[in-house]
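Right, one structure below, let's go through it.
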Amino acid sequence: ARKIIGLTGGIGSGKTTVARFIEELGFPVYYSDDRAKTIVNDNEELKVKIKDLLGEHAYDESGVYDRKYVAEMVFNNGDLLQKLNEIIHPAVRIDFEEWVKRQPQYMVFKETALLFELKLNLQCYRSVLVTAEDNIRIKRVMDRDGKTYREVQAVMEKQMPEKDKIKLADCVIYNNTNLEDLKEQTEKIIFGIE
Ligand code: ATP
């Protein structure tokens with residue numbers, strides 16, 4: 015692939031929905047978060063590093079990454095979380111680079127919630143941000159995950175403010191109405207990338 019497009023958005027923005035539309039259009043999408051979840055179990059080198067940092071209990075008896083245990087460990091320990099991320103993020107980057115090489119399409123997409131936070135946009139040809147009003151996003155996540163208003167709001171408050179992301183993004187999709195509108199905006203933007 016010659017062009018890598020970063021696709022991002024905060025919680026409940028609709029970035030996964032947009033990614034599905036993009037796949038329907040025939041372009042491959044790399045889902046960074048999903049891949050990270052796989053890699054922590056598949057990549058032996060990474061497993062060793064994680065165990066060195068967090069201890070053997072980062073993996074359960076059957077050798078599967080214990081997401082819940084790790085989350086509890088790094089919760090309120092920003093230093094440890096940073097160290098964990100410094101191990102996982104480069105592994106995801108390498109996995110992505112290998113994936114890109116296997117894609118024959120001229121354009122591919124990298125879906126990640128942390129595109130701007132990790133400055134991954136600098137390695138992309140263009141960045142696409144999906145955004146929507148806070149209340150709409152909260153409502154959608156409440157419906158999707160059965161979470162409370164406060165719970166979703168707490169996650170949202172920890173993410174980079176939308177106004178900062180809008181400034182950094184090359185293209186912005188405003189997902190405030192329905193799925194038809196979202197699909198139409200997605201198509202316009204994707205086929206408008208030169
Ligand atoms: P997260 O970061 O939390 O995983 P996301 O950005 O990937 O969220 P989606 O999962 O794509 O967001 O969308 C959140 C929820 O809102 C989903 O249940 C999705 O089906 C729904 N949704 C997204 N856009 C619309 C829309 N325009 N109209 C109705 N429902 C929508």
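Here full-length UniProt numbering is used: position 72 in the sequence shown is 86, and no number is missing along the way. For glycine and all other residues, C-beta sits at the position ideal for the given N, C-alpha and C. Just so we're clear, the structure is a prediction, and the values are computed from it rather than from any experiment.
- Three or more Cβ pairs closer than 8 angstroms define a contact, and the segment 155-170 meets that threshold against the segment 21-30.
- Cβ neighbours of G40 within its own chain (closer than 8 angstroms, five residues either side excluded): Q119.
- In this structure, the CA atom of V84 is about 31 angstroms from the CA atom of S141.
- Going by DSSP, M87 is part of no beta strand (DSSP E) but of the alpha helix (DSSP H) stretching over R81 to V88.
- Secondary structure note for M121: its beta strand (DSSP E) is the uninterrupted segment M121 to E125.
- Contact between the segment 67-85 and the segment 122-133 is absent: fewer than 3 CB-CB pairs across the two stretches fall below 8 angstroms.
- Annotation for D157 indicates a beta carbon within 8 angstroms of some heavy atom of the ligand ATP.
- Between T191 and V32, the gap from beta carbon to beta carbon reaches 9 angstroms or more.
- Going by beta carbons, A50 and V114 fall outside the 9 angstroms limit.
- Less than 9 angstroms divides the Cβ of F35 from the Cβ of K197.
- In the DSSP assignment, the residues bridged to R140 are I19.
- For Y188, the closest alpha carbon among the candidates K65, L98 and R151 is that of R151.
- Per DSSP, the unbroken alpha helix (DSSP H) holding V106 starts and ends at G92 to R116.
- Separation of T162 and M156 (C-alpha to C-alpha, rounded to the nearest whole angstrom) is 6 angstroms.
- When beta bridges are read from the DSSP output, Y73 appears opposite Y79.
- Burial state of K124 is buried, judged by a 10 Å Cβ sphere holding 16 or more other Cβ atoms.
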